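Each residue of the sequence shown is one higher than the one before, counting from 1 in our numbering. What follows is one structure encoded as structure tokens, with my remarks underneath.
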Amino acid sequence: MQKATAKYIPDDLDRRIIAHLRADGRASLAKLADAMGVARGTVQSRLDRLVETGTLLGFTVRVREDYDAQAVHAVMMIEVAGKSTTHVIRKLRGFPEIQALHTTNGNWDLVANISAASLSDFDRILREVRTVDGVANSETSLLLSSV
């Protein structure tokens, strides 16, 4: 029998480290330690725990909006059939084009932020999402420009 583990809840220092990494994902341990006012070893152990508990899923690169003029960005609202939300979420997390996935209230169950390299890739990801077992309906809006 597997022992249930409690969900890790980040404290103030963890949240400050995460906030700093959101602004500068390449910050060194020394830079983070200096910004947080703690020892380098403290930052290292906190990062290790955040990764081990799944609080931090990984590190990524953010690029300028105009870096790839051909990229297609969209928001997809998804209706889930019955009690298949967990299955649908698990499947959607496997699509690299889905940058973020949110649960929501109202007519839609999930909201996915999509980024595709081209219109043909965008078309493909829309078809793939719609064929996931448990996806009952969806509505997608292209993001034209940031204001």
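Glycine residues also receive a C-beta, built at the ideal position from the N, C-alpha and C atoms. Keep in mind the model is a prediction, meaning the values are calculated, not measured.
Open item on the list: I need the straight-line Cα distance from Pro10 to Gly58, nearest angstrom please.
Closed with: Residue numbering aside, residue 10 sits at position 10 when the sequence shown is read from its first letter. Residue numbering aside, residue 58 sits at position 58 when the sequence shown is read from its first letter. If you take the alpha carbons of Pro10 and Gly58, they lie about 16 angstroms apart.
Task: Which residues DSSP lists as bridging Asn113, in chain order - done: Stepping through the sequence shown from its first residue, residue 113 is reached at position 113. In the DSSP output, where bridge partners are listed per residue, Asn113 has Val75 and Ala100.
Open item on the list: Give me, in chain order, the residues of the same chain whose beta-carbon lies closer than 6 angstroms to that of Gly134; leave out the 5 immediate sequence neighbours on both sides.
Closed with: Taking the sequence shown and counting its residues from 1, one reaches residue 134 at position 134. Within the same chain, Gly134 has close Cβ partners Val80, Ala81, Ser84, His87 and Val88.
Open item on the list: When you compare the CB positions of Ala30 and Arg40, do they come within less than 8 angstroms of one another, or not?
Closed with: Position 30 of the sequence shown, counted from the first residue, corresponds to residue 30. Position 40 of the sequence shown, counted from the first residue, corresponds to residue 40. Yes.
- [ ] Pick out whichever of Ser138, Ile125 and Leu110 has its Cα sitting closest to the Cα of Ala117.
- [x] If you number the sequence shown from 1, residue 117 lands on position 117. Ranking Ser138, Ile125 and Leu110 by Cα distance to Ala117 puts Ile125 first.
- [ ] May I ask you to report which of helix, strand or coil DSSP gives Thr131?
- [x] Here residue 131 corresponds to residue number 131 of the sequence shown, with the count starting at 1. Thr131 falls in the coil class under three-state DSSP.
Task: Contact under 8 angstroms by Cβ, Val72 with Phe95 - done: On the sequence shown, position 72 is the one that residue 72 refers to. On the sequence shown, position 95 is the one that residue 95 refers to. Taking 8 angstroms as the Cβ cut-off, Val72 and Phe95 do not qualify as a contacting pair.
Open item on the list: What residue range does the alpha helix (DSSP H) around Leu47 cover?
Closed with: What you label residue 47 is simply residue 47 of the sequence shown in a count that begins at 1. Here the alpha helix (DSSP H) through Leu47 covers Arg40 to Glu52.
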